[in-house]
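Visitor: One line per chain: the protein sequences are A and B, in this order. Note that the numbering used here has the first sequence beginning at 1094, numbered continuously upward. Note that the numbering used here has the second sequence beginning at 1094, numbered continuously upward. Glycine included, each C-beta is placed from N, C-alpha and C at the ideal position. Let me give you the structure first, and then I'll get to my questions.
Number of protein chains: 2
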Amino acid sequence: MAPKPLTNPRKNASQDRSRATVDALVDATARILVRDGFDRASTNRIAEEAGVSIGSLYQYYPSKEALVAAVIDRHNHDIMRVVRRVFAEVASQPVERAVRRLVAVAIEAHRIDPKLHRVLAEQIPRTGRLENVEAFNREAHALFKSYLESHSDELHAADLGLAAFVCVTSIEALAHAAVLHSSEKLSNKAAETLIDEATRLVVGYLK
Amino acid sequence: MAPKPLTNPRKNASQDRSRATVDALVDATARILVRDGFDRASTNRIAEEAGVSIGSLYQYYPSKEALVAAVIDRHNHDIMRVVRRVFAEVASQPVERAVRRLVAVAIEAHRIDPKLHRVLAEQIPRTGRLENVEAFNREAHALFKSYLESHSDELHAADLGLAAFVCVTSIEALAHAAVLHSSEKLSNKAAETLIDEATRLVVGYLK
DNA sequence: GACAATTGTGAGCTATCGCTCGCATTATGT
DNA sequence: ACATAATGCGAGCGATAGCTCACAATTGTC
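Below, the structure is given as structure tokens:
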């Protein structure tokens, strides 16, 4: 029974104390990403910002990438909680109404933590262990597809998986572009207009 | 008349020799981006790959970012040459036909140098001097808008700028997602189907 | 209170980064 | 041929990166 040297991260935060350390690290990473950007987010700096020693950092996260991945996971989880709730709400609503609501939520979701969202979208290389961002996308596609399946009588689509891909990709791109372009804040009027347009786009396609 | 010390990049490649050096540097940058990724693309490595000394590199490009920007510019220029040509071709065609052709070209454009395109899309931080990637997008929007303007009788849109934004964003996102997801190569059949769907999406929206 | 896990510490290692500068080589003009 | 400008070179600087390790402090268990 090899005594497993302390090299690899321990990962199990069994005591409250260590749980707090882990949280502090993730919080600090998010704060630094927003304030200083990805390039200037070094592990040393993150540890300092968290009020934690660099050694402790490496007990829980093997790399800067792992830390950033934790931030992304948390952000995506926040978003998906909203998205899941709305899919449940609209499950029994007719297509037009449902799509309008989903589009509105897509925009809303992009505004949960816009500064962080922007950094994640613009600066994080989508490579290595960071590529699992797409798990979030896959869930969105699956949710949309299953909505379409239970409303297939309302629409005339052959391949609902493909239709879901087209809809989700378009909606996401529009929300993304709108939020990123308009610096920081999309006026309510502009948001309304965009919702109208995106809804027309998608509903026209589905029926 | 201060003799302007040799510090800042000279930039003017007046002789053939230096033109070749500059080209070698940009080529090498592209090759390294594709082979090793953005993070491992250091100026030292780029110079070595180009068969040029690090000193010479800094005579023409003040930073790694500048080099990457040159690669992006060249790639975008390649794409826009294709896109401009197609817009000219379809200028007098009816909406359905034109949109179908434009969608096809969007996908085609994403396949000009797919590996490089992927790296640029996934790994390059869109920050600092690298953010001007969007100039290319603006031209695409403008071209599409002016197409819509000269065919406004065929469609019922109030704000053609907005309509162009919606269409270009959607088409771009669909082409992008399709090319990036299917690793390396999109089957012809899948591409055909996608063209059909995207065309329906956009045409349905415009009319 | 004693002893072992668990958790926390930070000086400091090696590697690499972006980049400078003094000098060598090659082209141009006369 | 010579002078001058243009171009090319690369050892090496200071800074910072990611990360390790020997040790200290805290907590849980009996």
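Is the closest heavy atom of the ligand FAD to the C-beta of B:A1159 under 7 Å?
Guide: With respect to the ligand FAD, the structure shown offers nothing to examine, as it has no ligands at all.
Visitor: Would you call the CB atoms of A:I1165 and A:L1213 closer than 8 Å?
Guide: The residue given as residue 1165 of chain A occupies position 72 in the first sequence. The residue given as residue 1213 of chain A occupies position 120 in the first sequence. Yes, the pair counts as a contact, with Cβ atoms nearer than the cut-off.
Visitor: Considering Cα atoms alone, identify which of A:E1189, A:G1254 and A:H1274 is closest to A:E1290.
Guide: Reading the first sequence from its first residue, position 197 is the one you call residue 1290 of chain A. Cα-wise, what sits closest to A:E1290 is A:E1189.
Visitor: Give the straight-line distance between the Cα atoms of B:P1102 and B:R1204, rounded to the nearest whole angstrom.
Guide: As a first step, residue 1102 of chain B is located in the second sequence; it is residue number 9 there, counting from the start. As a first step, residue 1204 of chain B is located in the second sequence; it is residue number 111 there, counting from the start. Because the pLDDT of B:P1102 is 49, which lies under 50, any placement of that residue in the model is unreliable, and the number read from its coordinates should be weighed accordingly. If you take the alpha carbons of B:P1102 and B:R1204, they lie about 34 Å apart.
Visitor: If you reduce the DSSP assignment to three classes, tell me which class B:S1111 lands in.
Guide: Taking the second sequence and counting its residues from 1, one reaches residue 1111 of chain B at position 18. Helix at B:S1111.
Visitor: Measure the Cβ-Cβ separation of B:I1053 and B:L1287 and say whether it is below 8 Å.
Guide: A question about residue 1053 of chain B goes unanswered here, because the residues of chain B that appear run from 1094 up to 1300.
Visitor: Quick check on the burial criterion: 16 or more other C-beta atoms within 10 angstroms. Buried or exposed for A:R1110?
Guide: Locating residue 1110 of chain A in the first sequence gives position 17, where the first residue counts as 1. Exposed: under 16 other Cβ atoms inside 10 Å.
Visitor: Applying the 10 Å Cβ sphere with the 16-neighbour rule, what's the burial state of B:H1274?
Guide: Walking along the second sequence from the start, residue 1274 of chain B turns up at place 181. Per the 10 Å Cβ criterion, exposed.
Visitor: Considering only the alpha carbon of each residue, which of B:R1167, B:A1270, B:E1247 and B:A1202 lies closest to B:R1178?
Guide: On the second sequence, residue 1178 of chain B is found 85 positions in, with the first residue counted as 1. Minimum Cα distance to B:R1178 is reached at B:A1202.
Visitor: Quick check on the DSSP output: the alpha helix (DSSP H) that includes B:H1302 runs from which residue to which?
Guide: There is simply no residue 1302 of chain B to check, as chain B begins at 1094 and stops at 1300 in what is shown.
Visitor: Between A:L1253 and chain B, is any beta-carbon pair separated by less than 8 Å?
Guide: Stepping through the first sequence from its first residue, residue 1253 of chain A is reached at position 160. Taking Cβ atoms only, chain B never reaches closer than 8 Å to A:L1253, which makes this a no.
Visitor: Indicate whether at least one CB of chain B lies closer than 8 Å to the CB of A:A1266.
Guide: The sequence position of residue 1266 of chain A within the first sequence is 173, counting from 1. At least one chain B Cβ lies under 8 Å of A:A1266.
Visitor: For the segment 1183–1241 of chain A, which segments carrying the alpha helix (DSSP H) assignment without a break, of at least 4 residues, lie completely within its bounds, in sequence order?
Guide: As far as the segment 1183–1241 of chain A is concerned, its whole alpha helix (DSSP H) runs of at least 4 residues are 1188–1202 and 1207–1216.
Visitor: Restricting to Cα atoms, I'd like to know which of B:A1271, B:A1266 and B:E1158 is closest to B:Q1216.
Guide: Translated into positions along the second sequence, residue 1216 of chain B becomes position 123. Minimum Cα distance to B:Q1216 is reached at B:E1158.
Visitor: So the alpha helix (DSSP H) B:D1289 belongs to, where does it begin and stop?
Guide: In the second sequence, residue 1289 of chain B corresponds to position 196, counting from 1. Segment N1281 to L1299, the alpha helix (DSSP H) holding B:D1289.
Visitor: What is the DSSP secondary structure of B:S1149, reduced to helix, strand or coil?
Guide: Reading the second sequence from its first residue, position 56 is the one you call residue 1149 of chain B. The answer is helix: DSSP assigns B:S1149 an H, G or I state.
Visitor: Can you tell me whether A:S1263 is helix, strand or coil according to DSSP?
Guide: On the first sequence, position 170 is the one that residue 1263 of chain A refers to. Of the three classes helix, strand and coil, the one that applies to A:S1263 here is helix, per DSSP.
Visitor: With the cut-off set at 8 Å, would you say A:A1113 and A:T1122 are in Cβ contact?
Guide: The count along the first sequence starts at 1 and reaches residue 1113 of chain A at position 20. The count along the first sequence starts at 1 and reaches residue 1122 of chain A at position 29. No.
Visitor: DSSP three-state call for A:F1258: helix, strand or coil?
Guide: Translated into positions along the first sequence, residue 1258 of chain A becomes position 165. Three-state result, A:F1258: helix.
Visitor: Give me, in chain order, the residues of the same chain whose beta-carbon lies closer than 6 Å to that of B:A1143; leave out the 5 immediate sequence neighbours on both sides.
Guide: Taking the first residue of the second sequence as 1, we reach residue 1143 of chain B at position 50. Taken in chain order, the residues that qualify are A1117, L1118 and A1121.
Visitor: In whole angstroms, what is the alpha-carbon distance linking B:M1094 and B:F1229?
Guide: Translated into the one-based positions of the second sequence, residue 1094 of chain B becomes position 1. Translated into the one-based positions of the second sequence, residue 1229 of chain B becomes position 136. For B:M1094, the predicted model reports a pLDDT of 31, less than 50, meaning its position is unreliable and no value from the coordinates is stated.
Visitor: Is A:A1303 close to chain B? Criterion is C-beta to C-beta, closer than 8 Å.
Guide: Shown here, chain A extends from 1094 to 1300; a query on residue 1303 of chain A therefore has no answer.
Visitor: Thinking C-alpha only, which one of B:I1147, B:T1262, B:V1161 and B:K1282 is nearest B:E1232?
Guide: Within the second sequence, numbered from 1, the residue matching residue 1232 of chain B stands at position 139. Per the Cα distances, B:T1262.
Visitor: Identify the continuous alpha helix (DSSP H) that holds A:R1138 and give its terminal residues.
Guide: By one-based count along the first sequence, residue 1138 of chain A stands at place 45. Residues T1136 to A1143.
Visitor: Spell out whether any CB of chain B is found under 8 Å from the CB atom of A:D1129.
Guide: Locating residue 1129 of chain A in the first sequence gives position 36, where the first residue counts as 1. False, the Cβ-Cβ gap to chain B never drops below 8 Å.
Visitor: For A:K1208, collect the residues of the same chain with a Cβ closer than 7 Å to its Cβ; drop the 5 residues on either side in sequence, then sort them by chain order.
Guide: Position 115 of the first sequence holds residue 1208 of chain A. Here the set comprises V1127.
Visitor: Confirm, please, whether the CB-CB distance from B:L1279 to B:A1266 is below 8 Å.
Guide: Your numbering for residue 1266 of chain B matches position 173 in the second sequence. Your numbering for residue 1279 of chain B matches position 186 in the second sequence. Not in contact: B:A1266 and B:L1279 (Cβ atoms no closer than 8 Å).
Visitor: Going by beta-carbon coordinates alone, are B:L1150 and B:A1163 separated by less than 8 Å?
Guide: Reading the second sequence from its first residue, position 57 is the one you call residue 1150 of chain B. Reading the second sequence from its first residue, position 70 is the one you call residue 1163 of chain B. No; because the gap between Cβ atoms is not below 8 Å, this pair is not in contact.
Visitor: In chain B, what lies closer than 7 Å to A:T1262 by C-beta?
Guide: Locating residue 1262 of chain A in the first sequence gives position 169, counting from the first residue. Residues of chain B passing the Cβ test: A1266, L1267 and A1270.
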